[in-house]
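Novice: Once you've had a glance at the structure underneath, I'll fire off some questions.
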Amino acid sequence: MRSKLVLHAVDSHTEGMPTRVITGGIGTLPGATMNERRLYVRDHRDDIRQLLMNEPRGHSAMSGAILQPPTRPDCDWGVVYIEVSGCLPMCGHGTIGVATVLVEAGMVEVVEPVTTVRLDTPAGLVVAEVAVEGGAARAVTLRNVPSFAVGLDRKATLPDGRTVTYDLAYGGNFYAILPLEQFGLPFDRSRKDDILKAGLSLMDVVNAGEEPVHPEDPTVRGCHHVHLFAPGATARHSRHAMVIHPGWFDRSPCGTGTSARMAQLHARGELPLHTEFVNESFIGTRFTGRLLGTTEVAGRPAVLPSFTGRAWITGTAQYLLDPDDPFPAGFVL
Ligand code: PYC
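If you read the sequence shown in the numbering used here, its first letter stands for residue 431, the second for the next number, and so on.
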């Protein structure tokens, strides 16, 4: 076997959504903060992301996380998220996968019944409380970054002339949130292509108009996620299809999306603090969230979200790159 590199991975899935956790082979990336390391991968090492996420090693809805030494003294590990769509500032399902791998691979000191792992993410500190039983990670509760509503009842006119009303919120990424029925579509996986097309058309309009920018970090910008909630969704239990750039659905209930949704519901006066919110994915898997408190982000009201989900390890691998491989960056079909 010949290879230009050897990347060690523990593969997992969080409520159906893959996280390929890269445990070795990359080394410490340049950057004084985890966000600088995210930008370094985006600008200088996109080859690694593409190799690991694209076909034939990945697929069109692939997601992963590169483990790093932390850049801040109050954290155990750092994480740079990689996806088919790029490098996210924060990823909830990915963090649940990372915390599960760290515990089950013995990469943190494991304490039963709860192991606390403090993670340095590009979006800020995220604390994972892992429920551990007999060495197995049973569930992970994350305390996510401060989340906030950016705007309620915004209007967007789509290329087909339809005008829709949506809310925009941040939960580690920016989310446009609206009922799927505004597109005249049923919440039915057999209509996934139409649902995807509808979400992507709104995403384009949102970014072409007032592209959202994080008030404390201008490198965190753009709406790449559209949360289409199903008929019958309430502020206690909601089902949704999450459309993600450049054209795929989250299989998990989406942790940063759950955080943004809770911030949006709170801004609407529909979700009080310390109240359970069950968020269900397009494939029927669930995260259970709650808001732990309020805060401010650059002077605007924000909330402190938390959510719980489960992950399972699916394999271990060493990913190689043969010097003669005609697709060193993989491909997208
Ligand atoms: O769980 O935050 C999340 C997420 C973002 C994109 C896919 N999953």
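For glycine and all other residues, C-beta sits at the position ideal for the given N, C-alpha and C. Since we're looking at a predicted model, the values are computed, not measured.
To which residues does DSSP link residue 534 through a beta bridge?
Specialist: Looking at the DSSP output, residue 534 bridges to nothing.
Novice: Taking 8 Å as the cut-off, decide whether the C-beta atoms of residue 505 and residue 555 are in contact.
Specialist: yes
Novice: Quick check: the segment 733-741 against the segment 520-528, are there 3 or more CB pairs under 8 Å?
Specialist: yes
Novice: Rounding to the nearest angstrom, what Cα-Cα distance links residue 468 and residue 760 in this structure?
Specialist: 20 Å
Novice: Taking the straight line between their C-alpha atoms, what separation do you get for residue 508 and residue 605?
Specialist: 24 Å
Novice: With DSSP as the reference, please indicate the residues paired to residue 627 in a beta bridge.
Specialist: Its beta-bridge partners do not exist; DSSP assigns none.
Novice: Rounded to a whole number of angstroms, what is the C-alpha to C-alpha distance between residue 498 and residue 549?
Specialist: If you take the alpha carbons of residue 498 and residue 549, they lie about 10 Å apart.
Novice: Mind checking who residue 763 pairs with in its DSSP beta bridge?
Specialist: Residue 763 is not bridged to any residue.
Novice: Suppose you measure from the CA of residue 576 to the CA of residue 599; what does that come to, to the nearest Å?
Specialist: In this model, residue 576 and residue 599 are separated by some 11 Å (Cα to Cα).
Novice: Hey, would you say the C-beta of residue 551 is under 7 Å away from at least one heavy atom of the ligand PYC?
Specialist: no
Novice: In the DSSP assignment, the alpha helix (DSSP H) including residue 476 goes from what residue to what residue?
Specialist: 476-483
Novice: Does the ligand PYC have even one heavy atom less than 7 Å from the beta-carbon of residue 518?
Specialist: Yes.
Novice: From what residue to what residue does the beta strand (DSSP E) around residue 696 run?
Specialist: That residue, residue 696, is in no beta strand (DSSP E); its alpha helix (DSSP H) goes 685-697.
Novice: Using the DSSP secondary-structure output, state which residues sit across from residue 743 in a beta bridge.
Specialist: 442
Novice: Mind the definition here: the segment 718-735 touches the segment 682-701 only if three or more C-beta pairs lie below 8 Å; say whether that holds.
Specialist: yes
Novice: Along the chain, which unbroken stretches of the beta strand (DSSP E) at least 3 residues long are found entirely within the segment 590-677?
Specialist: 593-600, 604-609, 647-651, 653-659, 667-674
Novice: In the DSSP assignment, find the unbroken beta strand (DSSP E) run with residue 411 in it and report its ends.
Specialist: No answer is possible for residue 411: it lies beyond the span of the chain, which begins at 431 and ends at 763.
Novice: Taking residue 436 as the reference, give the member of 482, 471, 461, 673 with the closest Cα.
Specialist: 482
Novice: Can residue 564 be considered in contact with the ligand PYC, in the sense that its beta carbon sits closer than 7 Å to one or more heavy atoms?
Specialist: no
Novice: List the endpoints of the continuous beta strand (DSSP E) containing residue 559.
Specialist: It spans 554-563 - the beta strand (DSSP E) in which residue 559 sits, taken as one unbroken run.
Novice: Report the residue from 586, 691, 745, 703 whose alpha carbon sits nearest the alpha carbon of residue 633.
Specialist: 586
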